[in-house]
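A.B. asks: Just passing along the structure, written as C-alpha cells.
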Amino acid sequence: PNFEIPLPPIDIQKKIADECKKVDEECKKAEQNIVNKKTDMVNLIGSVKGSSKAISSILKLASGNALPANKMKKGNIPVYGGNGITGFHNVGFISEETIVIGRVGEYCGSVYLTEANCWITDNALYCKEFLENVNKVYLTYALREAHLNQYANRTGQPNISQNALANVKIVMPSKTVQDDCSIQLLEIQKEIDTLQLKVASCTKVKHDILDKYLK
Numbered sequence: 002p003n004f005e006i007p008l009p010p011i012d013i014q015k016k017i018a019d020e021c022k023k024v025d026e027e028c029k030k031a032e033q034n035i036v037n038k039k040t041d042m043v044n045l046i047g048s049v050k051g052s053s054k055a056i057s058s059i060l061k062l063a064s065g066n067a068l069p070a071n072k073m074k075k076g077n078i079p080v081y082g083g084n085g086i087t088g089f090h091n092v093g094f095i096s097e098e099t100i101v102i103g104r105v106g107e108y109c110g111s112v113y114l115t116e117a118n119c120w121i122t123d124n125a126l127y128c129k130e131f132l133e134n135v136n137k138v139y140l141t142y143a144l145r146e147a148h149l150n151q152y153a154n155r156t157g158q159p160n161i162s163q164n165a166l167a168n169v170k171i172v173m174p175s176k177t178v179q180d181d182c183s184i185q186l187l188e189i190q191k192e193i194d195t196l197q198l199k200v201a202s203c204t205k206v207k208h209d210i211l212d213k214y215l216k
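Numbered according to the numbering used here, the sequence shown spans residues 2 to 216.
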C-alpha cells in the first residue's frame with residue numbers, strides 16, 4: 002500500500018526537528034540523572050557503618066500462597082509475585098508492610114516493600130517475622146544492594162531458596178541511623194520516580210509536537 006507522508010513547508014519542518022531534538026536532549030539528560038541518583042543510593046548505603054549480620058538473624062522468611070490468575074477476584078488489594086505487583090485481588094493475607102523477595106523466574110532475588118494489606122504468591126518469599134527492630138525501608142534497599150539474584154539456582158528455571166539466602170550478610174547500623182538513611186533513600190527515590198515519568202513521556206511529547214504542526 003502507498004502511505005502519504007505529510008511534508009510541511011521547510012520552516013515548519015525545521016521547527017518540528019528543533020523541538021523534537023530538544024525533547025530528546027531533555028530525555029537523555031533525565032536518563033543520565035537517573036543513573037546518577039541510583040549511584041547516590043549505592044554510595045549512601047555503602048557509607049553506612051554497622052554490624053554485618055546474616056539475613057537469617059534479621060528476619061524469618063516464608064513462601065507466599067499460590068493464587069492462580071483464574072482464582073483472582075476483582076479488587077484493589079495488590080498481589081506481589083516474583084517481580085513486584087502482578088495484579089490485584091479482593092482480599093489479602095498480609096496485614097502489615099513486609100519485605101518480599103522474588104523466589105522464581107528471571108527476576109528472582111528482586112526485593113520490594115509491600116503495602117500494608119496485600120497478597121504474596123508462591124513465586125516470592127516474604128518476611129513473616131522481623132527478629133530485631135528494623136527500619137523496613139532501609140532493609141529493603143540494603144537487601145537490593147546485596148544483589149540476591151547471584152544466589153539463585155540456575156539449573157532449569159532460576160529460583161532462590163531460603164537456605165541460599167540464610168547466610169548472606171547485610172550491614173545493620175543502629176535504628177537511628179537506619180531511620181535517617183531511609184529518609185534520604187526515599188527522597189532520592191522520589192526524584193528517580195519523577196525522572197522516570199519524564200523519560201516515559203518523551204515519545205508522547207514528540208507526538209504532540211507533530212500534531213501541533215501537522216493537523
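Glycine included, every Cβ here is placed at the ideal spot set by N, Cα and C.
Treat the numbers as computed from the prediction; the structure is a model and nothing was measured.
Mind reading off the beta-carbon distance from G110 to L149? Whole number of angstroms is fine, and I expect it under 8 Å.
C.D. replies: The sequence position of residue 110 within the sequence shown is 109, counting from 1. The sequence position of residue 149 within the sequence shown is 148, counting from 1. The pair is a contact, with the Cβ atoms about 3 Å apart (cut-off 8 Å).
A.B. asks: Of the choices L166, V138, Y142, T141, whose alpha-carbon is the least far from that of Q151?
C.D. replies: The residue given as residue 151 occupies position 150 in the sequence shown. The candidate whose alpha carbon is nearest that of Q151 is L166.
A.B. asks: If you run the structure through DSSP and keep just helix, strand and coil, what is A55?
C.D. replies: If you number the sequence shown from 1, residue 55 lands on position 54. In the structure shown, A55 sits in a strand (DSSP, three-state: E or B).
A.B. asks: Starting from L62 and walking both ways along the beta strand (DSSP E), at which residues does that stretch end?
C.D. replies: Counting from 1 along the sequence shown, the entry for residue 62 is found at position 61. Element bounds for L62: 60 to 64.
A.B. asks: Just to check my reading of the structure: S53 and V178 have Cβ atoms closer than 8 Å, yes? What is that Cβ distance to the nearest angstrom?
C.D. replies: To locate residue 53, count along the sequence shown from 1; it is residue 52. To locate residue 178, count along the sequence shown from 1; it is residue 177. At roughly 14 Å, the Cβ-Cβ gap does not stay under 8 Å, so S53 and V178 are not in contact.
A.B. asks: Determine the burial state of A18: buried for a count of at least 16 other Cβ atoms within 10 Å of its Cβ, exposed for fewer.
C.D. replies: Taking the sequence shown and counting its residues from 1, one reaches residue 18 at position 17. Classification of A18: exposed, given that the 10 Å Cβ count is below 16.
A.B. asks: For L237 and Y127, which I take to be in contact (beta-carbon distance under 8 Å), what is that distance rounded to the nearest angstrom?
C.D. replies: The requested residue 237 is not part of the displayed model; the chain covers only 2 to 216.
A.B. asks: Among the candidates K75, P174, I193, whose CA atom is the shortest distance from the CA of N37?
C.D. replies: Within the sequence shown, numbered from 1, the residue matching residue 37 stands at position 36. Of the listed residues, the one whose Cα sits closest to N37 is I193.
A.B. asks: Over what stretch of residues does the alpha helix (DSSP H) that includes V138 continue unbroken?
C.D. replies: Translated into positions along the sequence shown, residue 138 becomes position 137. Per DSSP, V138 belongs to the alpha helix (DSSP H) from 137 to 146.
A.B. asks: If I follow the unbroken beta strand (DSSP E) through V112, where does it start and stop?
C.D. replies: Walking along the sequence shown from the start, residue 112 turns up at place 111. Segment 112 to 114, the beta strand (DSSP E) holding V112.
A.B. asks: State the beta-bridge partners of N160 as determined by DSSP.
C.D. replies: Within the sequence shown, numbered from 1, the residue matching residue 160 stands at position 159. Note: N160 sits in a beta bridge opposite V105, N154.
A.B. asks: With the cut-off set at 7 Å, would you say A55 and K170 are in Cβ contact?
C.D. replies: Here residue 55 corresponds to residue number 54 of the sequence shown, with the count starting at 1. Here residue 170 corresponds to residue number 169 of the sequence shown, with the count starting at 1. For A55 and K170, yes; Cβs fall inside 7 Å.
A.B. asks: Enumerate, from N- to C-terminal direction, the unbroken beta strand (DSSP E) stretches of 3 or more residues contained entirely within the stretch 22 to 53.
C.D. replies: For the stretch 22 to 53, not a single whole beta strand (DSSP E) run of length 3 or above is found.
A.B. asks: Only counting the same chain, and skipping five residues up and downstream in sequence, which positions put a Cβ closer than 8 Å to that of N134?
C.D. replies: Here residue 134 refers to the residue found at position 133 of the sequence shown. Counting only Cβ-Cβ distances below 8 Å, and skipping sequence neighbours, we find K176.
A.B. asks: Looking at C-alpha atoms only, which residue of H90, G82, M42, S183 is the closest neighbour of N124?
C.D. replies: Within the sequence shown, numbered from 1, the residue matching residue 124 stands at position 123. Minimum Cα distance to N124 is reached at G82.
A.B. asks: Here's a check: name, in chain order, each residue in its chain whose Cβ is nearer than 7 Å to the Cβ of K50, leaving out the five neighbours to either side.
C.D. replies: In the sequence shown, the residue the question calls residue 50 occupies position 49. Closer than 7 Å at Cβ, skipping near neighbours: P174.
A.B. asks: By DSSP, does K74 sit in helix, in strand, or in coil?
C.D. replies: Here residue 74 refers to the residue found at position 73 when the sequence shown is read from its first residue. Looking at K74 - three-state DSSP - the assignment turns out to be coil, as it is neither helix nor strand.
A.B. asks: Alpha carbon to alpha carbon, how far is V138 from T232? Give it in angstroms, no decimals.
C.D. replies: With the chain running from 2 to 216 in the structure shown, residue 232 is simply not present.
A.B. asks: Leaving aside the five residues before and after I100 along the sequence, list all residues of the same chain whose C-beta is less than 8 Å from its C-beta, in chain order.
C.D. replies: For this step, residue 100 is matched to residue 99 along the sequence shown. These residues qualify, in order along the chain: L60, V112, Y113, L114, T115, Y127, C128, K137, L140, T141, L144.
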